[in-house]
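The block underneath contains the structure these notes are about, expressed in structure tokens.
In our numbering, the protein residues as written are 1253 to 1874.
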């Protein structure tokens, strides 16, 4: 882990907290973790969060104490097995004995609603969650409805405080304001002036329009030591080695121009680099296994990409996808409310609109990497909220494809792919002790069992390895199906071994389109926008093999394509017939990151990793 100073002066007794993912089996249950800085041992607190199936540590929140950090300096913290730091934990009672407080004040049309962290921590012990606890740092999360001067709660607005108290007399406070109760009547837009205080000091004030089912966050510090100006940058190569994130090609170096374009910070209700209108067509940096800023960090470790990950993860809070259960305090569960859906009146519809529009078909991976690398509770909940919205958006109830509490995804193929990715990430990263951990794991299993019954465990399933598409067999989008193939392989990498059968079944389609021989499918036309895969939407009417698929595709695509039937695959003559760019032999701009061929490459990578026996010869020849 690289510790990078963001200050122009030297800092002393610097606490740094960060998230760390571990390879399966690397840290077993009896192991302790220690840290060194330049070969010198330093104090380290380990808050274990999630474990692998073998009981070894998967994810933890680590806190180190750095005695001296020079102005603008960078230092490497090395982790290893060793003796754990011990000592009494930082206590809430000690914090409450000081002058500490943090307050939110909201003025709506002359009526002021407030919340106090100290008051809630003192008088509402049943509402407190302990997130971190140890000798270097403890963190408590508490929240409730904002209240007027007569102690009447606002029907929709609530404030939460994430109070992180370090032993070095520093306290970091995340102020979170939410408008997201799921079943409260008449959710809508609220316009207000907000003031945040740290102790007696005003640290933030602004006017806001907060839309229904949104939230926002600001972070400030309390204590005489002030703010910590340092970034903890996790080892990006090790992150890929854990398989928690996709493995990117070696040797990729982002340009400064690309990194300089990334948003570095956001204000409440900003959208950052996220689309204002998700359903818009065409390329977006959010579409893919991970959004652009995540990928840029994973190939560079650059601090601009790191800051962008956090900024855009905070921006995700501005979309109307947040549904909290007022009874449990958690994102709402379809296990508790099997028929709840935003498709009907079972959940009150929001009014006032939102200038930011989301959808399933174009949803990014939201807040997953931000949570893994920081360990911040806000990003964990944000990730859970987006996955919860995927359930609530689906048609639920008896007879709906969601199958009530099972949470089956049945929308566009690409929407299914991204929803399953986000569900898998949420189940993977959610702490073992979190009440929603098994809930998310179970719904991964329900979705896999449902899809296996249709395909990998169905002798009558189509032989091409495709799944049914919303846009019918005669306008089938192979690039959407490729997204789904990648998602199946990614679930396997996250440890969901049940997905192996579907991964191997889905590997047929991308590898089958890479056939080189004349009696197969010519790989030079592997990634069209649409392809005809049969005579009807019935799987029994899908083409029986890739030779037929290729012939029917050419036949249905016009004279130019029909002429290709007489050309030899894997030749420049074939390429020239379709106006392929100079120096490229494959149609569809294979070197462009926004092409359909580029969309196919992650699916092929999954197939290679899986070593699909049925297509070994095709894979080896390319």
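We put the beta carbon where it would ideally sit given N, CA and C, even for glycine.
Alpha carbon of residue 1331 to alpha carbon of residue 1493, nearest angstrom: 16 Å
Neighbour-count burial assignment, residue 1657, 16 or more Cβ in a 10 Å radius: buried
Beta-carbon proximity check, residue 1287 vs residue 1300, cutoff 7 Å: no
C-beta atoms of residue 1736 and residue 1779 nearer than 7 Å: no
Under the three-state DSSP convention, the category residue 1359 falls into: strand
Unbroken alpha helix (DSSP H) run spanning residue 1702, endpoints: 1689-1706
Cβ shell of residue 1578 (< 8 Å), same chain only, five flanking positions each side left out: 1433, 1434, 1435, 1436
CA-to-CA distance, residue 1591 to residue 1646, given in whole angstroms: 10 Å
Simplified DSSP state of residue 1868, which is helix, strand or coil: Reliability of the predicted coordinates at residue 1868 is poor, the pLDDT of 48 falling under 50, and the value obtained from them is presented with this limitation in mind. In this structure, residue 1868 counts as helix in the three-state DSSP scheme.
Pairwise C-alpha distance: residue 1271 and residue 1304: 16 Å
DSSP-derived helix/strand/coil call for residue 1794: strand
Bridge partners - residue 1417, DSSP secondary structure assignment: 1390, 1423
Distance, residue 1715 Cα to residue 1796 Cα: 6 Å
Rounded Cβ spacing between residue 1617 and residue 1502 (contact assumed at less than 8 Å): Contact flag wrong, Cβ pair sits at about 22 Å.
Nearest candidate by alpha-carbon position, reference residue 1688, set 1587, 1776, 1598: 1587
Residues sharing a beta bridge with residue 1444, DSSP: 1460
Proximal residues to residue 1567 (C-beta, below 8 Å), its chain only, five neighbours per side dropped: 1515, 1518, 1522, 1523, 1524, 1525, 1526
Nearest-angstrom Cα separation, counted from residue 1758 out to residue 1864: Any reading at residue 1864 is ruled out, since the residue's pLDDT is 48, under 50, leaving its predicted position unreliable.
Buried or exposed by the 16-neighbour rule on C-beta atoms within 10 Å, applied to residue 1261: exposed
Cβ-Cβ separation, residue 1743 to residue 1672 (assumed contact under 8 Å), whole Å: 7 Å
Per-residue DSSP class, three states only, for residue 1265: strand
Where the alpha helix (DSSP H) through residue 1735 begins and ends: 1730-1745
Given 8 Å, three or more beta-carbon pairs between the region 1403-1423 and the region 1436-1454: yes
Reduced DSSP secondary structure (H/G/I, E/B, other) of residue 1586: coil
Pairwise C-alpha distance: residue 1753 and residue 1738: 13 Å
Contact check, residue 1556 vs residue 1613, beta carbons under 7 Å: no
DSSP-derived helix/strand/coil call for residue 1874: Low local confidence applies: a pLDDT of 45 at residue 1874 is under 50, so the model's placement there is unreliable, with the coordinate-based value given in what follows. Three-state result, residue 1874: coil.
At least 3 beta-carbon pairs within less than 8 Å: the region 1484-1499 vs the region 1267-1281: yes
Whether residue 1630 touches residue 1474 by CB criterion (7 Å): no
Assigned exposure category for residue 1466 - 16 Cβ within 10 Å defines buried: buried
Distance between residue 1723 and residue 1866 (C-alpha atoms, nearest Å): Here the model assigns residue 1866 a pLDDT of 46, short of 50, so the residue's position is not dependable, and the following value carries that caveat. One C-alpha to the other measures close to 28 Å.
Span separating the alpha-carbon of residue 1401 from that of residue 1359: 12 Å
Reference residue 1319; option with closest CA among 1263, 1340, 1369: 1263
Of the listed residues 1374, 1420, 1405, 1378, nearest to residue 1390 (C-alpha basis): 1420
Per-residue burial, residue 1564 [other beta carbons within 10 Å of its own, 16 or more giving buried]: buried
Best match in 1781, 1336, 1551, 1327 for proximity to residue 1507 [C-alpha to C-alpha]: 1551
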